[in-house]
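Enquirer:
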Amino acid sequence: MGYGVFAIFEGLKKYLSPKIALPVVMASALLAGPVLLAKENWDDHDRSGKYTALAMAKSYLDSCEPNAILFTIGDNDTFPLWYAQEIEGYRTDVRIVNTSLLATDWYIDQMKNKAYESDPIPISFKRDQYKGSKRDGILFVEKTKEPLLLNDILNFIKIENDDRATVEMNSGKRMHYYPSNKIILPIDKQTIIKNKVVSEKFYDSIVPQINITIKGQALYKNRLIMLDILNENNWKRPMYFTGGSLADEDFLWLKDYLELDGMCYKIVPIKTVKDDNDSPLDMGLIDSDKMFNNVMKWDWGNSGNPNVMHDIETKKNSVTYRSNIARLMETLINEGKNEKAKKLIDLAMEKMPVEIFGYYTLVEPFIQGYYEIGETKKAQQILKILLVKYQENLTYYKSLSINDQNKVAVDIVSDIERYRSLLEIMMLANDTIYYNKEKIIFNNFNKKFSRFEREMLH
10 MGYGVFAIFE GLKKYLSPKI ALPVVMASAL LAGPVLLAKE NWDDHDRSGK
60 YTALAMAKSY LDSCEPNAIL FTIGDNDTFP LWYAQEIEGY RTDVRIVNTS
110 LLATDWYIDQ MKNKAYESDP IPISFKRDQY KGSKRDGILF VEKTKEPLLL
160 NDILNFIKIE NDDRATVEMN SGKRMHYYPS NKIILPIDKQ TIIKNKVVSE
210 KFYDSIVPQI NITIKGQALY KNRLIMLDIL NENNWKRPMY FTGGSLADED
260 FLWLKDYLEL DGMCYKIVPI KTVKDDNDSP LDMGLIDSDK MFNNVMKWDW
310 GNSGNPNVMH DIETKKNSVT YRSNIARLME TLINEGKNEK AKKLIDLAME
360 KMPVEIFGYY TLVEPFIQGY YEIGETKKAQ QILKILLVKY QENLTYYKSL
410 SINDQNKVAV DIVSDIERYR SLLEIMMLAN DTIYYNKEKI IFNNFNKKFS
460 RFEREMLH
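Residue 10 is where the sequence shown starts when you use our numbering, and the numbers rise one by one after that.
1. May I ask you to report which of helix, strand or coil DSSP gives I219?
2. Please specify which runs of the beta strand (DSSP E), each continuous and at least 3 residues long, are wholly inside the segment 212-283, giving them in chain order.
3. Can you name the start and end residues of the beta strand (DSSP E) that E462 belongs to?
4. Roughly how many angstroms lie between the CA atoms of E359 and G313, to the nearest whole one?
5. Below 8 Å on the Cβ atoms is my guess for Y428 versus Y406; work out the distance and round it to an integer in Å.
6. With T370 as the anchor, note down where its beta strand (DSSP E) starts and where it stops.
7. Assign T200 to buried or exposed, taking buried as 16 or more other Cβ atoms, counted over all protein chains shown, within 10 Å of its Cβ.
8. Could you check what DSSP says for L437 in three-state terms: helix, strand or coil?
9. Using a Cβ-Cβ cutoff of less than 8 Å, which residues in the same chain neighbour K306 once the five nearest sequence positions on both sides are dropped?
10. Excluding five sequence neighbours on each side, which residues of the same chain lie with their C-beta closer than 6 Å to the C-beta of I365?
11. Which first and last residues belong to the beta strand (DSSP E) in which I192 is found?
12. Mind reading off the beta-carbon distance from I132 to K121? Whole number of angstroms is fine, and I expect it under 8 Å.
13. Which residue from L148, E381, D197 and Q218 puts its Cα closest to that of E348?
14. Within its chain, find whatever has a CB closer than 8 Å to the CB of G146; leave out the 5 residues flanking it on each side and keep chain order.
15. Which residue wins for smallest C-alpha separation from I238, given the options L79, M178 and F301?
16. Using the Cα positions of K245 and M338, report the straight-line distance between them to the nearest angstrom.
17. Between P188 and T153, how many whole angstroms is the CB-CB distance? I'm expecting something under 8 Å.
18. Use the C-beta contact count for A256: other C-beta atoms within 10 angstroms, 16 or more gives buried, fewer gives exposed.
19. Consult DSSP for G181 and reduce its assignment to one of helix, strand or coil.
20. In whole angstroms, what is the alpha-carbon distance linking W91 and I279?
21. Just how far apart, CA to CA, sit S459 and E447?
22. Helix, strand or coil for G146, going by three-state DSSP, please let me know.
23. By how many angstroms is the C-alpha of G181 removed from the C-alpha of R331?
24. Quick one: complete beta strand (DSSP E) runs, 3+ long, within the segment 47-129?
25. Could you spell out where the alpha helix (DSSP H) holding R136 opens and where it closes?
26. For the candidate residues W262, F165, A174 and N160, whose alpha-carbon lies nearest to that of N240?
27. If we call anything under 8 Å between Cβ atoms a contact, is I394 one with V363?
28. Going straight from the alpha carbon of D114 to that of A438, what length do you get?
29. Assuming T101 and S127 are in contact, meaning their beta carbons sit under 8 Å apart, how far apart are those beta carbons, in whole angstroms?
30. Which term fits N316, buried or exposed, when burial requires 16 or more other beta carbons within 10 angstroms of its beta carbon?
31. Could you give the distance in angstroms between the alpha-carbon of I472 and the alpha-carbon of G271?
32. Using DSSP's beta-bridge definition, name the partner residues of D294.
33. Are the CB atoms of G310 and A93 within a distance shorter than 8 Å?
34. Once DSSP output is grouped into helix, strand and coil, what is the label at V397?
35. What residue from I391, G383 and I425 has the CA that sits closest to L403's CA?
36. Ignore the nearest five residues each way along the sequence and tell me which others in A469's own chain have a CB closer than 7 Å to its CB.
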């Protein structure tokens, strides 16, 4: 760099006096680096107009009914919600309950207080019963194979100064235990109807009881308090999970009793068992009209705007958006509500365009949806974008040496099969003319990688 500055100085001396040339060279040398960095990287780091994190927080909150209790799990699904409420003052009627922090006494204390417009969380345990390390873990010691009422289990765990309610450890310390891991939460149908927990069309599906099976050999404090909230609330306030994790315990072992209302899963007294072939995200029943109204009101925060920088986290968040919206779309189509399905797919494509968000396989349900509601041209428009993406990838792979191709063999085969899946969508939709045209192109690309022995289309 020093030699470069000297060379510039020597060159300028031919045209300028040394007194002028020196400060010009120094200024140029000092500014060259920052100016170059700014020119090349400004668009990659410009956050102006980017509000997708706040928009996602709002979409979680707007998936909840008034005065709801919303269980979150970790940082990623909690901090945006806190920001929306604390800084933006948005939907402060919803009470955020971070279940990780619920393992601490100070946070349980906070939950017992009113916050903004949200009422205190109903918790029956007194502070002396959860203070410090008290009831950090409740052991499972099976005394009966029969299920017990949730209320009875909680009352048993609350018992103090009675050796019959504790077990002695090898260390001599005594710990509380629960005698059955099978729990029953009785359901009063009239209470459910009175509090409008579910829509009228689901009244006949209300179960007489919710069955919970606690997995593992211990019930930790946060899960204990969650069960207590479930019991004490008695359906007075709607209760939701963010879905920030797929672990059974994070859903309080209630995955069979959920309703997807947008981005959040509401606890409902209706059993919906997933099929073995379903995705882990396919939890809960869908009240199509209710969820449609929620989704169509969402603020997307400039999502999809090509002039706004979309970082990797924004793109990752589209996985949840697309998965949930695709489930709603499928439900609407099955119910014959094609006009609503069309509006929904149009919204998804507008706010999460393929060119910006990637994750191409998650777009396939929307292509199928367009075909099913008779929007063939729109289906073909998206297909064309995806076909070009895979063709570009395969063209690049073909330019590599055989040795380098072997290093990325999994990627090559994956792209070939994803490419194939697009043509299978055309075939299933009876889009014969388009299929026959694209089949030839696919087979030509497939031949270029014949040593991977992928099947040709016929």
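In this text, a Cβ means the ideal position worked out from N, Cα and C, and glycines have one as well.
Expert: According to the structure data:
1. Within the sequence shown, numbered from 1, the residue matching residue 219 stands at position 210. Residue state, collapsed to three classes: strand.
2. 218-222, 227-229, 248-250, 267-269 and 274-276
3. Looking up residue 462 in the sequence shown gives position 453. That residue, E462, is in no beta strand (DSSP E); it is neither H nor E in DSSP.
4. On the sequence shown, residue 359 is found 350 positions in, with the first residue counted as 1. On the sequence shown, residue 313 is found 304 positions in, with the first residue counted as 1. When rounded, the distance between both Cα atoms is 6 Å.
5. The residue labelled residue 428 in the question sits at position 419 within the sequence shown. The residue labelled residue 406 in the question sits at position 397 within the sequence shown. That belief does not hold up - the Cβ atoms of Y428 and Y406 are roughly 12 Å apart, past 8 Å.
6. Walking along the sequence shown from the start, residue 370 turns up at place 361. No beta strand (DSSP E) contains T370, which DSSP labels as neither H nor E.
7. Start at 1 with the first residue of the sequence shown, and residue 200 comes out as number 191. That one is exposed.
8. Counting from one through the sequence shown, the residue named residue 437 turns up at place 428. In the structure shown, L437 sits in a helix (DSSP, three-state: H, G or I).
9. For the purposes of this step, residue 306 is taken as the residue at position 297 of the sequence shown. The answer, listed in chain order, is D71.
10. Within the sequence shown, the letter at position 356 stands for residue 365. The answer, listed in chain order, is H319.
11. Taking the sequence shown and counting its residues from 1, one reaches residue 192 at position 183. Looking at the DSSP string, the run of the beta strand (DSSP E) that includes I192 is K191 to P195.
12. By 1-based counting over the sequence shown, the position of residue 132 is 123. By 1-based counting over the sequence shown, the position of residue 121 is 112. With 8 Å as the limit, I132 and K121 qualify as a contact, their Cβ atoms being about 6 Å apart.
13. To locate residue 348, count along the sequence shown from 1; it is residue 339. Out of L148, E381, D197 and Q218, E381 has the C-alpha closest to the C-alpha of E348.
14. In the sequence shown, residue 146 corresponds to position 137, counting from 1. Result list for G146: M184, A227, L228, Y229 and K230, in chain order.
15. By 1-based counting over the sequence shown, the position of residue 238 is 229. That would be L79, whose Cα lies nearest to the Cα of I238.
16. The count along the sequence shown starts at 1 and reaches residue 245 at position 236. The count along the sequence shown starts at 1 and reaches residue 338 at position 329. Near 30 Å, if we compare the C-alpha coordinates of M338 and K245.
17. By 1-based counting over the sequence shown, the position of residue 188 is 179. By 1-based counting over the sequence shown, the position of residue 153 is 144. Their Cβ separation, rounded to whole angstroms, is 6 Å, which keeps P188 and T153 in contact under 8 Å.
18. Numbered from 1 along the sequence shown, position 247 holds the residue referred to as residue 256. Burial call: exposed.
19. Translated into positions along the sequence shown, residue 181 becomes position 172. Residue state, collapsed to three classes: coil.
20. For this step, residue 91 is matched to residue 82 along the sequence shown. For this step, residue 279 is matched to residue 270 along the sequence shown. Whole-angstrom Cα-Cα distance: 30 Å.
21. The count along the sequence shown starts at 1 and reaches residue 459 at position 450. The count along the sequence shown starts at 1 and reaches residue 447 at position 438. Between S459 and E447, the C-alpha separation is close to 18 Å.
22. As a working note, residue 146 is residue 137 in the sequence shown. DSSP places G146 in strand when its eight states are reduced to three.
23. On the sequence shown, residue 331 is found 322 positions in, with the first residue counted as 1. On the sequence shown, residue 181 is found 172 positions in, with the first residue counted as 1. Taking the straight line joining both Cα atoms gives about 53 Å.
24. 78-81 and 104-107
25. Sequence index remark: in the sequence shown, residue 136 carries index 127 (1-based). Taken as a continuous stretch (DSSP letters only), the alpha helix (DSSP H) holding R136 covers R136 to Y139.
26. Within the sequence shown, the letter at position 231 stands for residue 240. Ranking W262, F165, A174 and N160 by Cα distance to N240 puts N160 first.
27. By one-based count along the sequence shown, residue 394 stands at place 385. By one-based count along the sequence shown, residue 363 stands at place 354. Closer than 8 Å, so yes.
28. Here the question's residue 114 lines up with position 105 in the sequence shown. Here the question's residue 438 lines up with position 429 in the sequence shown. Using only the alpha carbons, I get a separation of about 57 Å.
29. Counting from 1 along the sequence shown, the entry for residue 101 is found at position 92. Counting from 1 along the sequence shown, the entry for residue 127 is found at position 118. With a Cβ gap of about 7 Å, T101 and S127 count as contacting.
30. Working through the sequence shown from its first residue, we reach residue 316 at position 307. The residue is exposed, with fewer than 16 neighbouring Cβ atoms inside 10 Å.
31. As shown, the chain starts at 10 and ends at 467. That puts residue 472 outside it, with no answer to give.
32. What you label residue 294 is simply residue 285 of the sequence shown in a count that begins at 1. The sequence as given places Leu at residue 294; Asp does not occur at that position. Note: L294 sits in a beta bridge opposite E268.
33. The count along the sequence shown starts at 1 and reaches residue 93 at position 84. The count along the sequence shown starts at 1 and reaches residue 310 at position 301. Cβ atoms of A93 and G310: not closer than 8 Å.
34. Start at 1 with the first residue of the sequence shown, and residue 397 comes out as number 388. Correct three-state label for V397: helix.
35. The residue given as residue 403 occupies position 394 in the sequence shown. For the residues I391, G383 and I425, the minimum Cα distance to L403 belongs to I425.
36. It is not possible to answer for residue 469, since the shown part of the chain is limited to 10 through 467.
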